[in-house]
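Comments concern the structure below.
Shown next as structure tokens:
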């Protein structure tokens with residue numbers, strides 16, 4: 006799945022402008038071309054790519070000057086819980102996923118995961134899905150709501 010995510014996550018190297026509309030996340034399950042008519046923040050057309058059984062989603066928020074991209078695999082990623090990293094770095098204090106205690110590296114609760122990044126920078130984050138990956142679950146991850 007890392008190869009599929011690499012293509013999606015390269016989408017964070019965009020050229021930005023600013024102003025105007027907020028769009029809900031757009032789900033996709035096959036390669037999709039995104040240009041400035043779908044996201045005015047893009048300086049040129051990009052391709053977001055996924056392979057079989059991988060769901061992706063992107064959001065473009067002109068008001069916040071922010072592009073977000075996420076992906077997950079239908080088969081899931083449940084061998085261990087999500088990484089114990091701050092799920093909302095813009096909020097004061099550390100916001101950890103359920104099951105993260107005592108400096109653990111991963112939650113003690115196995116969970117389906119999505120992988121999320123944005124043009125705001127930082128590292129790719131694991132996001133809990135709560136259920137099997139699909140078009141409806143990928144657009145509902147916490148990363149898109151922040």
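Residue numbers (our numbering): 6 to 151. Glycine is no exception: its CB is placed at the ideal position from the N, C-alpha and C atoms. None of these values were measured; they are calculated from a predicted model.
- Any idea what DSSP makes of residue 140, helix, strand or coil? For residue 140, the three-state secondary structure derived from DSSP is helix.
- Query: The alpha helix (DSSP H) with residue 147 in it runs from where to where?
  - Reply: Segment 147 to 150, the alpha helix (DSSP H) holding residue 147.
- Query: Between residue 38 and residue 45, what straight-line distance do the alpha-carbon atoms span, to the nearest angstrom?
  - Reply: CA-to-CA, the gap between residue 38 and residue 45 works out to about 14 Å.
- Backbone CA spacing between residue 60 and residue 111 [nearest angstrom]: If you draw a straight line from the Cα of residue 60 to the Cα of residue 111, it comes to about 23 Å.
- Query: In whole angstroms, what is the alpha-carbon distance linking residue 142 and residue 50?
  - Reply: In this structure, the CA atom of residue 142 is about 26 Å from the CA atom of residue 50.
- Message: Let's test the definition: count the other Cβ atoms within 10 Å of the Cβ of residue 114 and tell me whether it reaches 16, buried, or not, exposed.
- Response: Classification for residue 114: exposed.
- Task: With DSSP collapsed to three states, give me the class of residue 77.
- Result: Here DSSP, grouped into helix, strand and coil, assigns residue 77 to strand.
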